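4 is the number of the first residue of the sequence shown in my numbering; add one for each residue after it.
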Amino acid sequence: MSKKMKKVAGLALLLLSIPASADAMRCKNALITEGDSTAEMLLKCGEPMLREEITRNEENQYGNVVEVKYGERWTYNFGKNEFMRFVTVRNGKVIDIENGPRGE
């Protein structure tokens, strides 16, 4: 195998090992990126298929463990030929966009 082929194969393996993180998603002719507001995303993409609360357990000042909401995960399904998108939202801002499985 030539040096060039080894480099290409190595690069391909590296890219395949990186977790699927989209960092942006296209809604019709609009682009949503991390840092955009949820209002902007709703205008450009419409309502998500699913909204889920993201919670975690924290200890309050009295030593009790309480469940605290710290964001939401919005799921967009753009159809069979597109990947679903999982958008993490916190304080009205998009903080993460991930690729999911193919839509239905």
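Idealized CB from N, CA, C, for every residue including glycine. All values reported here derive from a predicted model rather than from experimental measurement.
Is there contact here, the segment 59–72 with the segment 23–41, by at least three beta-carbon pairs under 8 Å? They do not touch, by the three-pair rule.
Hey, could you find the ends of the beta strand (DSSP E) K72 is sitting in? V68 to Y79
According to the Cβ coordinates, are M52 and I100 closer than 9 Å? no
Leaving out five residues on either side along the sequence, give the residues of the same chain with a beta carbon under 6 Å from the beta carbon of T36. A27
Helix, strand or coil for K50? Go by DSSP, reduced to three states. Reading off the sequence shown, one finds Glu at residue 50, where the question assumed Lys. If DSSP states are grouped into helix, strand and coil, E50 belongs with coil.
Do you know how far the Cα of A33 is from the Cα of K47? Our two residues, K47 and A33, have alpha carbons roughly 6 Å apart in a direct line.
Taking all protein chains shown into account, decide if Y79 is buried (16 or more other Cβ within 10 angstroms of its Cβ) or exposed. buried
Mapping the DSSP letters down to three states, classify E37 as helix, strand or coil. coil
Taking only three categories from DSSP, how would you classify G101? Residue identity differs from the one stated: residue 101 is Glu in this sequence, not Gly. Note: E101 maps to strand in three-state DSSP.
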